[in-house]
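First up is the structure itself, then whatever we jot down about it.
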Amino acid sequence: MAQSSIEWTEMTWNPTTGCNKISAGCKFCYAEVMSRRLRAMGIEKYKDGFKLRLHEDALTIPGTWKSTKIVFVNSMSDLFHNDLPLNFIKKVFHTMNENPQHTFQVLTKRADVLLKHHRELHWTHNIWMGVSVEDSRVTDRIDLLTKTDARVKFLSCEPLIGPLPQLNLSKIDWVIVGGESGRKPRPMDVDWVLDIQQQCENSKVPFFFKQWGGTNKKKTGRELNGKTFNEMPLVVP
Ligand code: SF4
Numbered sequence: 495m496a497q498s499s500i501e502w503t504e505m506t507w508n509p510t511t512g513c514n515k516i517s518a519g520c521k522f523c524y525a526e527v528m529s530r531r532l533r534a535m536g537i538e539k540y541k542d543g544f545k546l547r548l549h550e551d552a553l554t555i556p557g558t559w560k561s562t563k564i565v566f567v568n569s570m571s572d573l574f575h576n577d578l579p580l581n582f583i584k585k586v587f588h589t590m591n592e593n594p595q596h597t598f599q600v601l602t603k604r605a606d607v608l609l610k611h612h613r614e615l616h617w618t619h620n621i622w623m624g625v626s627v628e629d630s631r632v633t634d635r636i637d638l639l640t641k642t643d644a645r646v647k648f649l650s651c652e653p654l655i656g657p658l659p660q661l662n663l664s665k666i667d668w669v670i671v672g673g674e675s676g677r678k679p680r681p682m683d684v685d686w687v688l689d690i691q692q693q694c695e696n697s698k699v700p701f702f703f704k705q706w707g708g709t710n711k712k713k714t715g716r717e718l719n720g721k722t723f724n725e726m727p728l729v730v731p
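Residue numbers for the sequence shown follow my numbering, beginning at 495 and rising by one.
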């Protein structure tokens with residue numbers, strides 16, 4: 495478990511680590527860079543760098559937290575990676591089911607695997623399930639997500655690298671938008687962001703604007719038309 499600087503969560507919890515790239519949104523994967531850095535620092539959990547690894551010993555960690563947390567699950571991996579055994583995904587879900595005091599935010603780019611397994615998993619109200627949608631080439635992930643039994647469904651449009659007109663938000667509870675940061679970030683057009691914000695407003699879907707990104711994300715900040723958008727989903731247990 496680690497405190498997180500990600501604006502829409504509080505903590506990260508990584509029962510698996512490692513992944514591999516599957517779409518344009520992965521180009522400058524933060525998890526890959528961090529995994530290499532942590533391996534170089536001699537951190538045991540990352541001794542295999544960015545190779546997919548399961549961490550059975552991490553499964554009990556959420557039960558040890560003294561206060562209620564909002565937790566980003568697998569910030570360093572993808573819980574629905576094709577090579578992850580369903581049995582282990584079930585164990586991660588069991589931990590989330592057994593800890594209803596915490597909110598767990600799971601985010602995947604592998605919506606097909608999510609849909610394949612969703613009936614085998616127990617979807618308690620404290621599990622928010624999201625898919626990454628970086629541009630219009632991957633909006634099919636939204637359709638796959640909406641077919642699952644997840645009680646709270648969200649989109650993470652980050653890094654937003656193209657316009658997303660006519661999003662299907664009919665079964666979506668939350669949308670996050672963010673620009674890419676780092677040394678060579680791909681630009682995010684203000685009109686793309688305004689369009690998504692307007693679509694959310696029209697559909698009454700909470701909208702969270704995370705950051706503009708760029709080479710100095712502190713400088714570019716997270717205001718959109720002079721406003722900060724920190725809306726969160728309304729969850730009825
Ligand atoms: S799916 Fe996520 S963790 Fe995996 S390579 Fe892509 S950005 Fe990185």
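Beta carbons: idealized from backbone N, C-alpha and C, even for Gly.
Could you tell me whether any non-hydrogen atom of the ligand SF4 is closer than 7 Å to the CB of residue 516?
Walking along the sequence shown from the start, residue 516 turns up at place 22. Yes, the beta carbon of residue 516 sits closer than 7 Å to at least one heavy atom of the ligand SF4.
Can we count residue 628 as close to the ligand SF4, meaning its CB is less than 7 Å from some heavy atom?
To locate residue 628, count along the sequence shown from 1; it is residue 134. Not so, every heavy atom of the ligand SF4 lies at least 7 Å from the Cβ.
Three or more C-beta pairs below 8 Å linking the segment 707 to 723 and the segment 681 to 693
Yes, the segment 707 to 723 touches the segment 681 to 693.
Between the C-alpha atoms of residue 668 and residue 564, what's the straight-line distance to the nearest angstrom?
Within the sequence shown, the letter at position 174 stands for residue 668. Within the sequence shown, the letter at position 70 stands for residue 564. A direct Cα-to-Cα measurement between residue 668 and residue 564 gives close to 15 Å.
Mapping the DSSP letters down to three states, classify residue 547 as helix, strand or coil.
In the sequence shown, residue 547 corresponds to position 53, counting from 1. In the structure shown, residue 547 adopts extended strand secondary structure according to DSSP, grouped into three states.
Below 8 Å, how does it come out for the segment 626 to 646 and the segment 688 to 695: are there three or more Cβ pairs, yes or no?
No: the two stretches stay apart, fewer than three of their Cβ pairs being nearer than 8 Å.
Out of 566, 648, 549, 497, which one is the CA nearest neighbour of residue 729?
Your numbering for residue 729 matches position 235 in the sequence shown. Nearest C-alpha to residue 729: 648.
Given a cut-off of 8 Å on the beta-carbon distance, is the pair residue 602 and residue 643 in contact?
Position 108 of the sequence shown, counting from 1, holds the residue named residue 602. Position 149 of the sequence shown, counting from 1, holds the residue named residue 643. Result no, Cβ atoms of residue 602 and residue 643 do not sit closer than 8 Å.
Determine the DSSP secondary structure at residue 720, reduced to helix, strand or coil.
Start at 1 with the first residue of the sequence shown, and residue 720 comes out as number 226. Secondary structure at residue 720: coil, using DSSP grouped into helix, strand and coil.
So, at 8 Å on beta carbons, what are the nonlocal neighbours of residue 702 in its own chain, with the 5 sequence-adjacent residues on each side left out?
Position 208 of the sequence shown, counted from the start, is the residue given in the question as residue 702. Correct list, in chain order: 501, 502, 668, 669, 670, 671, 723, 724, 725, 726.
Which whole-angstrom value describes the C-beta separation of residue 591 and residue 616, a residue pair presumed to lie in contact below a C-beta threshold of 8 Å?
What you label residue 591 is simply residue 97 of the sequence shown in a count that begins at 1. What you label residue 616 is simply residue 122 of the sequence shown in a count that begins at 1. Contact holds; Cβ gap of about 5 Å.
Nearest-angstrom Cα separation, counted from residue 675 out to residue 580
Counting from one through the sequence shown, the residue named residue 580 turns up at place 86. Counting from one through the sequence shown, the residue named residue 675 turns up at place 181. Our two residues, residue 580 and residue 675, have alpha carbons roughly 33 Å apart in a direct line.
Distance between residue 566 and residue 555 (C-alpha atoms, nearest Å):
Residue 555 sits at position 61 when you count from the first residue of the sequence shown. Residue 566 sits at position 72 when you count from the first residue of the sequence shown. Roughly 13 Å separates the two Cα atoms.
Looking at the secondary structure, which residues open and close the alpha helix (DSSP H) in which residue 585 lies?
Position 91 of the sequence shown, counting from 1, holds the residue named residue 585. Looking at the DSSP string, the run of the alpha helix (DSSP H) that includes residue 585 is 580 to 591.
Please state whether the Cβ-Cβ distance between residue 519 and residue 529 is less than 8 Å.
In the sequence shown, the residue the question calls residue 519 occupies position 25. In the sequence shown, the residue the question calls residue 529 occupies position 35. Result no, Cβ atoms of residue 519 and residue 529 do not sit closer than 8 Å.
How long is the line joining the alpha carbons of residue 663 and residue 628, rounded to whole angstroms?
Here residue 663 refers to the residue found at position 169 when the sequence shown is read from its first residue. Here residue 628 refers to the residue found at position 134 when the sequence shown is read from its first residue. In this structure, the straight-line span from the alpha carbon of residue 663 to that of residue 628 is close to 15 Å.
Going by the CB atoms, is the gap between residue 599 and residue 562 shorter than 8 Å?
For the purposes of this step, residue 562 is identified with residue 68 of the sequence shown, where counting begins at 1. For the purposes of this step, residue 599 is identified with residue 105 of the sequence shown, where counting begins at 1. Judged by beta-carbon spacing, residue 599 lies beyond the 8 Å limit of residue 562, meaning their Cβ atoms are not closer than that value.
For the ligand SF4, any of its heavy atoms closer than 7 Å to the Cβ of residue 704?
In the sequence shown, counting from the first residue as 1, residue 704 sits at position 210. Residue 704 Cβ: outside cutoff for every heavy atom of the ligand SF4.
Which of helix, strand or coil DSSP assigns to residue 527
For the purposes of this step, residue 527 is taken as the residue at position 33 of the sequence shown. Secondary structure at residue 527: helix, using DSSP grouped into helix, strand and coil.
Give, in chain order, every unbroken run of the beta strand (DSSP E) that is at least 3 residues long and sits entirely within the segment 628 to 653.
The segment 628 to 653 contains these whole beta strand (DSSP E) runs: 646 to 651.
Own chain residues within Cβ distance below 8 Å of residue 618, not counting five before or after:
For the purposes of this step, residue 618 is taken as residue 124 along the sequence shown, with counting starting at 1. 590, 591, 594, 645, listed in sequence order.
Sort 574, 537, 693 by Cα distance to residue 605 and report the nearest one.
Here the question's residue 605 lines up with position 111 in the sequence shown. Closest by C-alpha distance to residue 605, out of 574, 537, 693, is 574.
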